[in-house]
Amino acid sequence: MDQTAHAFTVKRKTKRWPLVIFFNIIDLSSIAARAVYRMKFSISNFSHEDNRQAFSINIGRSLAVAHIQRRSAVPTLQDPIRQNISTVLNSPAPQCTPAAGAPHSKRAKADGNAKQK
Numbered sequence: 001m002d003q004t005a006h007a008f009t010v011k012r013k014t015k016r017w018p019l020v021i022f023f024n025i026i027d028l029s030s031i032a033a034r035a036v037y038r039m040k041f042s043i044s045n046f047s048h049e050d051n052r053q054a055f056s057i058n059i060g061r062s063l064a065v066a067h068i069q070r071r072s073a074v075p076t077l078q079d080p081i082r083q084n085i086s087t088v089l090n091s092p093a094p095q096c097t098p099a100a101g102a103p104h105s106k107r108a109k110a111d112g113n114a115k116q117k
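Just so we're aligned, residue 1 is where the sequence shown starts under the UniProt record's numbering, counting upward by one.
Laid out in structure tokens, this is it:
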């Protein structure tokens with residue numbers, strides 16, 4: 001298992017012990033998920049490292065897609081980030097526009113409330 005973990009790892013050089021433990025957990029869970037997948041679907045030709053790397057990348061992307069989609073719906077998201085998200089998701093960038101007549105700042109909102117009184 002150690003040889004398998006070192007072949008394709010997510011570890012980075014860090015002095016923070018919580019990150020070291022987190023990276024180890026990610027590596028081991030990737031190996032375990034691949035073993036369960038192999039057993040469930042009876043894939044015998046699944047021993048190449050390229051397949052392991054592709055499997056790990058596929059898991060990472062599928063776990064991140066929900067977060068990326070949720071983030072793309074944020075109306076205050078900067079345009080370059082929105083374009084990168086559309087590239088990753090292979091979809092057109094959603095155009096979020098502020099509500100009509102809505103104040104753009106706290107000061108404008110405060111002034112608007114003062115005028116209404």
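For glycine and all other residues, C-beta sits at the position ideal for the given N, C-alpha and C.
Owing to the predicted nature of the structure, the values given are computational and were not obtained by experimental measurement.
ask   = From residue 41 to residue 54, what distance separates their C-alpha atoms?
value = 17 Å
request  = Ignoring anything shorter than 4 residues or poking outside the stretch 14-63, list the alpha helix (DSSP H) runs there in chain order.
outcome  = 17-41
request  = Measure the CB-CB distance between residue 12 and residue 23 and report whether it falls below 8 Å.
outcome  = yes
request  = Using 10 angstroms around the beta-carbon of residue 62, count the other beta-carbons present and answer buried if the total reaches 16, otherwise exposed.
outcome  = For residue 62, the number of other beta carbons within 10 angstroms of its own is below 16, and it is reported as exposed.
inquiry  = On the DSSP letters alone, give me the boundaries of the alpha helix (DSSP H) that residue 92 sits inside.
reply    = Element bounds for residue 92: n/a, residue is neither H nor E.
query = Considering only residues of the same chain and omitting the five flanking positions on each side of residue 9, which have a CB-CB separation below 7 Å?
reply = 27
inquiry  = Are the CB atoms of residue 85 and residue 71 within a distance shorter than 8 Å?
reply    = Yes, they are a contact pair.
ask   = Would residue 59 pass as a contact of residue 89 if the rule is Cβ separation under 8 Å?
value = no
Proximity to residue 34 [Cα-Cα], best of 25, 87, 52 = For residue 34, the nearest C-alpha among the options comes from 52.
ask   = So, is residue 30 buried or exposed, given that buried needs 16 or more other C-beta atoms within 10 angstroms?
value = buried
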